[in-house]
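Following: one structure in structure tokens, then a few remarks.
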Amino acid sequence: MEKSVGAFQIASAYIGVTIGAGFASGQEVLQFFTFFGLNGIPAIILASILFVFFGAVILDLGRRLNATSHLEVLRYSGGKHLSVLTDAVTTFFLFGSFSAMAAGAAAVVSQQFGFPAVWGSVTMVGVSTVTVILGLRALVSALSFVVPLLLIVVLGVVAVTLAANPVSFAGLLIVSQPWNAVVPFWALSALTYVSYNIVIAVAVLTPLGALAKRGRALTQGALAGGIGLGIGLLAINLAIVAVPQAGALPIPMAFIAAIISPFLGFIYSFALLAAIYTTAVGALYGFAARLAPVESTRFRLTALIAGSAALFAAQLGFQSLVRYLYSAVGIVGIILLAGLTYTFIRERYRELVP
1 MEKSVGAFQI ASAYIGVTIG AGFASGQEVL QFFTFFGLNG IPAIILASIL FVFFGAVILD
61 LGRRLNATSH LEVLRYSGGK HLSVLTDAVT TFFLFGSFSA MAAGAAAVVS QQFGFPAVWG
121 SVTMVGVSTV TVILGLRALV SALSFVVPLL LIVVLGVVAV TLAANPVSFA GLLIVSQPWN
181 AVVPFWALSA LTYVSYNIVI AVAVLTPLGA LAKRGRALTQ GALAGGIGLG IGLLAINLAI
241 VAVPQAGALP IPMAFIAAII SPFLGFIYSF ALLAAIYTTA VGALYGFAAR LAPVESTRFR
301 LTALIAGSAA LFAAQLGFQS LVRYLYSAVG IVGIILLAGL TYTFIRERYR ELVP
């Protein structure tokens, strides 16, 4: 396959597969960062640095191994035996995440638009499956188009919110509830957030590394992707701090957008669906690429079957899927990050000591 992916496409794909329903809704930011009040800011900076580092490591391994799925990177960084565990959990998590996105689309369509929930899940699964069947280039092209628009909407809502409601120290005190955070320490919370997002990102970044035009594009893409994610996290965090009552609601950012204008709240609902789509296509592609040769007939059939199965799994509901999936994958994500760190140190040592 021709090497035709540049830094912009890599950054867009990295951001796209990471910002799902939890990110755009504001719930993830609230749970992992905002609840730490003032310490939420260094937590976001740490998360951004980790996204840059691990993104660069994965992309570099994908390029070196000429990998087509995340399995090659898992084996190289985790060894033959440990990779069996990380591969099994990662592959299952990819399908589970896709199902969770289908359930999330159902919830948004039902709660925000008043349509039958099944319309949301069927449409999301259908559009995502078609994108994946068209191949990695189609996926990257879609993300390169959707992600900038999504960020414009999110940052636009945040900018207007902060102009009308400047962040205050009192607001930081109101939202500071570390006992309600996912984990009790801000640095560990940042690490946990990165770990479970990398589990999905590795499925797309690995083959992208093999498609990069040049080595510099990998570093630039990881840097832009990590910084972009950090800016998005910081923006949403500040918006919730500026409007602390939003933190008590299921979709804080939709509430904040609706305060500005009911029409903007309506538009933000589409941004939520766009965020769900970007994660859904990444998860489905990674799942299908693990089970079948990419862009083969079996790959397309796997995507179709997985899409159909996800419609049934989505009936469990978005909250239930997220609760069980994301808590279960946390430890595996930490193992993956440890393996990638070890691999980075090992490779650099080999370069210094031939």
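Residues in the sequence shown are numbered from 1 upward in steps of one, following full-length UniProt numbering. Using N, Cα and C, we set each Cβ at its ideal position, and we do this for glycine too. Computed from a predicted model, the values in this text were never measured in an experiment.
Cα-Cα separation, residue i to residue j
i, j, result
"Val109", "Ile276", "12 Å"
"Ile58", "Val281", "19 Å"
"Arg348", "Val153", "41 Å"
"Ala117", "Leu150", "23 Å"
"Ser12", "Ala181", "29 Å"
"Val89", "Tyr268", "33 Å"
"Arg346", "Leu139", "33 Å"
"Phe299", "Leu211", "19 Å"
"Leu30", "Leu352", "43 Å"
"Thr278", "Gly135", "15 Å"
"residue 358", "Ile41", "Since the first residue shown for the chain is 1 and the last is 354, residue 358 is missing from the structure and cannot be characterised."
"Gly16", "Leu155", "15 Å"
"Leu284", "Phe169", "42 Å"
"Thr341", "Leu94", "22 Å"
"Trp119", "Ala254", "20 Å"
CB of residue i within 8 Å of CB of residue j, strictly
i, j, result
"Phe54", "Trp186", "no"
"His81", "Val202", "no"
"Ile251", "Ser25", "yes"
"Val243", "Ile259", "yes"
"Phe33", "Leu173", "no"
"Leu50", "Leu191", "yes"
"Tyr125", "Ala310", "The amino acid occupying residue 125 in the given sequence is Val; Tyr does not appear at that position. Yes, the pair counts as a contact, with Cβ atoms nearer than the cut-off."
"Leu238", "Val157", "no"
"Ala21", "Leu272", "yes"
"Gly330", "Ser189", "no"
"Ala67", "Pro207", "yes"
"Leu85", "Val199", "no"
"Leu304", "Tyr14", "no"
"Leu61", "Gly209", "yes"
"Gly226", "Ser48", "yes"
Residues near residue i in its chain [Cβ-Cβ closer than 8 Å; skip 5 each side]
i, result
"Phe8", "Ser144, Gly221 and Ala224"
Local Cβ density within 10 Å of residue i, reported as buried at 16 or more and exposed below that
i, result
"Arg63", "buried"
"Gly215", "exposed"
"Gln27", "buried"
"Thr18", "buried"
"Phe312", "exposed"
"Ala314", "buried"
"Ser77", "buried"
"Tyr193", "buried"
"Thr297", "exposed"
"Ala107", "buried"
"Gly228", "buried"
"Ala306", "buried"
"Ser83", "buried"
Beta-carbon proximity list for residue i, same chain, < 6 Å, skipping 5 on both sides
i, result
"Ala274", "Val146 and Leu150"
"Leu38", "Leu172"
"Gln177", "Phe35"
"Thr339", "This sequence places Gly at residue 339; Thr is not what is there. Taken in chain order, the residues that qualify are Ser77 and Gly78."
"Ala102", "Ser121, Met124, Val125, Ala310 and Ala314"
"Phe115", "Val109"
Cβ neighbours of residue i in the same chain (closer than 7 Å, five flanking residues each side left out)
i, result
"Thr131", "Ala138, Leu139, Ala142 and Val281"
"Thr302", "Ala288, Leu291 and Ala292"
"Pro184", "Pro178"
"Ile256", "Val157, Thr161, Ala239, Val243 and Ala246"
"Asn197", "Thr18"
"Asp87", "Leu71 and Leu74"
Contact test: residue i Cβ vs the ligand MN heavy atom, cutoff 7 Å
i, result
"Phe53", "With respect to the ligand MN, the structure shown offers nothing to examine, as it has no ligands at all."
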